[in-house]
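Per the working numbering, residue 1 is the first one in the sequence shown, and the count goes up by one each step.
This report refers to the structure that appears directly beneath it.
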Amino acid sequence: MERWFFIIYSSMLSLFAGGLVLASSLLLVFHMAWGCPEVCTCQPSSRTVDCSYRRLLEIPSHLPSQTQVLYLQGNQIRIINHTSFMNVPGLQILDLSNNSISRVPPYAFHYLRSLQLLNLTNNFIQYLDGQVFTPLLALKKLDLSSNNMSTLPESLGNNTRNLTFLGLKNNHLQAVDRMVLETLINLKVLLAKANPWQCSCPVVGLKLWLENFLYTGGIIDELICTGPEDRKGKDLLKIPFELYKSCPPFTTSFPVTNIHQHSLDHRNNGRHGHHGEHIEGTLPECEPKPKPRPANLRHAIATVVITGVVCGIVCLMMLAAAVYGCAYAAIMAKYHKELKEVERMASASEHGSPEEKEPLDGSLA
Numbered sequence: 001m002e003r004w005f006f007i008i009y010s011s012m013l014s015l016f017a018g019g020l021v022l023a024s025s026l027l028l029v030f031h032m033a034w035g036c037p038e039v040c041t042c043q044p045s046s047r048t049v050d051c052s053y054r055r056l057l058e059i060p061s062h063l064p065s066q067t068q069v070l071y072l073q074g075n076q077i078r079i080i081n082h083t084s085f086m087n088v089p090g091l092q093i094l095d096l097s098n099n100s101i102s103r104v105p106p107y108a109f110h111y112l113r114s115l116q117l118l119n120l121t122n123n124f125i126q127y128l129d130g131q132v133f134t135p136l137l138a139l140k141k142l143d144l145s146s147n148n149m150s151t152l153p154e155s156l157g158n159n160t161r162n163l164t165f166l167g168l169k170n171n172h173l174q175a176v177d178r179m180v181l182e183t184l185i186n187l188k189v190l191l192a193k194a195n196p197w198q199c200s201c202p203v204v205g206l207k208l209w210l211e212n213f214l215y216t217g218g219i220i221d222e223l224i225c226t227g228p229e230d231r232k233g234k235d236l237l238k239i240p241f242e243l244y245k246s247c248p249p250f251t252t253s254f255p256v257t258n259i260h261q262h263s264l265d266h267r268n269n270g271r272h273g274h275h276g277e278h279i280e281g282t283l284p285e286c287e288p289k290p291k292p293r294p295a296n297l298r299h300a301i302a303t304v305v306i307t308g309v310v311c312g313i314v315c316l317m318m319l320a321a322a323v324y325g326c327a328y329a330a331i332m333a334k335y336h337k338e339l340k341e342v343e344r345m346a347s348a349s350e351h352g353s354p355e356e357k358e359p360l361d362g363s364l365a
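Okay, structure coming up:
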């Protein structure tokens with residue numbers, strides 16, 4: 001009995017050991033086939049490669065081609081080559097924050113057509129070429145906070161129309177061209193605090209865009225002015241438009257009628273938030289509304305033409321009514337005159353004159 005028990009136990013132990021060996025072999029083969037870099041941790045089931053905080057000086061080569069999520073934050077990466085992401089065309093999330101990147105080549109993300117989130121915060125980027133974001137047609141979230149940028153690429157929104165989040169905090173931005181932001185038609189959140197914003201005349205276009213952005217439901221944190229001196233420390237969104245009435249004329253591609261008041265109402269309802277959080281706002285009682293103005297020349301001309309046509313029709317109707325009234329009055333006057341004449345003649349023929357009555361009386365006598 002003990003002998004049979006030992007034989008069965010030995011067989012089961014052998015099968016278990018063989019299973020472990022087979023599983024280990026399959027895992028090793030799969031790991032080798034997936035090609036995970038030695039310095040990184042890979043999760044094939046979620047297609048995630050984690051190379052964060054590994055003291056890397058460059059982006060690992062031979063990344064698994066199936067990678068969709070790549071974490072590279074917390075390293076010492078300085079350079080991004082145009083071939084760094086050539087083998088991961090399906091990448092959707094890329095985190096390059098907390099590195100030492102100072103320059104991004106124009107074609108650094110050329111192969112990342114499916115990228116949806118790009119995090120470049122806490123680097124040393126001073127300038128971005130206009131072609132950097134051209135291939136990123138699917139990009140939804142872009143965070144450039146905590147860098148050294150003083151300008152944004154003019155073509156930022158040309159191909160990133162799906163962008164819903166843009167982070168620009170803690171940079172050296174003094175102004176942003178309104179036309180750059182207008183191309184971001186799907187933007188929902190803009191974080192731009194801790195920049196040295198100059199709130200002189202050139203910022204009027206940006207202020208108008210921000211007011212419209214708030215009115216349409218967008219979320220921003222704050223834009224605190226560092227100059228000129230009389231506006232230092234003030235939130236650009238709370239500066240009345242009347243302070244800019246002495247600035248040269250400017251043009252805008254969207255209606256600005258009552259836009260300031262609408263945006264203030266939205267801030268009161270908590271639209272003026274931080275990282276998506278709603279905060280309470282106060283409505284200044286003395287901030288006047290901007291004067292209404294036509295949206296553009298075409299609408300103004302159309303309004304003048306329609307007004308002229310309506311006024312002409314009204315004048316014609318008034319003239320016709322006057323002519324009809326005069327004619328009616330003349331006809332009625334003539335009618336009454338003739339009626340009186342007829343009545344006078346009838347009365348005279350009925351009673352007769354004194355000369356006619358005397359012969360009649362004499363004949364009867």
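We put the beta carbon where it would ideally sit given N, CA and C, even for glycine.
{"Check": "Quick one: grab the DSSP three-state call for Lys340.", "Outcome": "helix"}
{"Check": "What's the C-alpha gap between Pro196 and Leu115?", "Outcome": "31 Å"}
{"Check": "Which one of Met86, Ile59, Asn87 has the shortest CA to CA distance from Ile80?", "Outcome": "Ile59"}
{"Check": "In angstroms with no decimal places, state the Cα-to-Cα distance between Ser65 and Ile125.", "Outcome": "28 Å"}
{"Check": "Distance, Cα to Cα, Leu63 vs Lys193?", "Outcome": "36 Å"}
{"Check": "From what residue to what residue does the alpha helix (DSSP H) around Lys207 run?", "Outcome": "204-215"}
{"Check": "Decide if Val305 is buried, meaning its Cβ has at least 16 other Cβ atoms within 10 Å, or exposed.", "Outcome": "exposed"}
{"Check": "Can you tell me where the beta strand (DSSP E) with Val69 in it begins and where it stops?", "Outcome": "69-71"}
{"Check": "If you reduce the DSSP assignment to three classes, tell me which class Leu120 lands in.", "Outcome": "coil"}
{"Check": "Using only the alpha-carbon positions, how far apart do Ala346 and Ala330 sit?", "Outcome": "25 Å"}
{"Check": "What does DSSP give as the partner residues of Gly227 in its beta bridges?", "Outcome": "Gln198"}
{"Check": "Span of the beta strand (DSSP E) holding Val189?", "Outcome": "189-191"}
{"Check": "Beta-carbon within less than 6 Å of Asn171's beta-carbon, same chain only, minus the 5 sequence neighbours each way: which residues are those?", "Outcome": "Asn147, Met149, Asn195"}
{"Check": "How is Gly367 classed by DSSP in three states: helix, strand or coil?", "Outcome": "Missing from the structure shown is residue 367; the chain here goes from 1 to 365 and no further."}
{"Check": "Residues in the same chain with beta-carbon distance under 7 Å from Arg231, minus the five sequence neighbours each way, listed in chain order, please.", "Outcome": "Cys199, Cys225, Ile239"}
{"Check": "Hey, could you find the ends of the alpha helix (DSSP H) Val180 is sitting in?", "Outcome": "178-182"}
{"Check": "Where does Cys42 fall in DSSP's three states?", "Outcome": "strand"}
{"Check": "From what residue to what residue does the beta strand (DSSP E) around Lys141 run?", "Outcome": "141-143"}
{"Check": "Compute the beta-carbon to beta-carbon distance between Leu191 and Leu168, rounded to the nearest angstrom, for a pair I have assumed lies under 8 Å.", "Outcome": "7 Å"}
{"Check": "For Thr41, which residues in the same chain have their Cβ closer than 6 Å to its Cβ, ignoring the five residues on either side in sequence?", "Outcome": "Asp50"}
{"Check": "Buried or exposed, going by whether 16 or more other CB atoms sit within 10 Å of the CB of Tyr335?", "Outcome": "exposed"}
{"Check": "Please state whether the Cβ-Cβ distance between Arg54 and Asn87 is less than 8 Å.", "Outcome": "no"}
{"Check": "May I ask you to list the residues that DSSP assigns as paired with Gly167?", "Outcome": "Asp143, Leu191"}
{"Check": "Relative to the C-alpha of Phe241, which residue among Thr216, Trp209, Glu229, Asp221 is closest?", "Outcome": "Trp209"}
{"Check": "For Pro153, I'd like the list of residues in its chain whose CB is within less than 6 Å of its CB, leaving aside the five on either flank, ordered along the chain.", "Outcome": "Leu128, Gly130"}
{"Check": "Near Thr216, which residues of its chain fall below 8 Å by C-beta distance, leaving aside the five closest residues on each side in sequence?", "Outcome": "none"}
{"Check": "Can you tell me whether Leu237 is helix, strand or coil according to DSSP?", "Outcome": "helix"}
{"Check": "On the three-state DSSP scale, how would you describe Thr151?", "Outcome": "coil"}
{"Check": "Which residues share a DSSP beta bridge with Asp129?", "Outcome": "Partner(s): none; Asp129 has no beta bridge."}
{"Check": "Looking only at its own chain, which residues have a Cβ that is under 7 Å from the Cβ of His82, when we skip the five neighbours before and after it?", "Outcome": "Pro105, Tyr107, Ala108, His110"}
{"Check": "Check each candidate in Ile301, Lys245, Leu56 and name the one with the smallest Cα separation from Glu38.", "Outcome": "Leu56"}
{"Check": "State buried or exposed for Ile219, treating a residue as buried only when at least 16 other CB atoms are found within 10 Å of its CB.", "Outcome": "buried"}
{"Check": "Short check: CB of Ile93 to CB of Leu117, under 8 Å?", "Outcome": "yes"}
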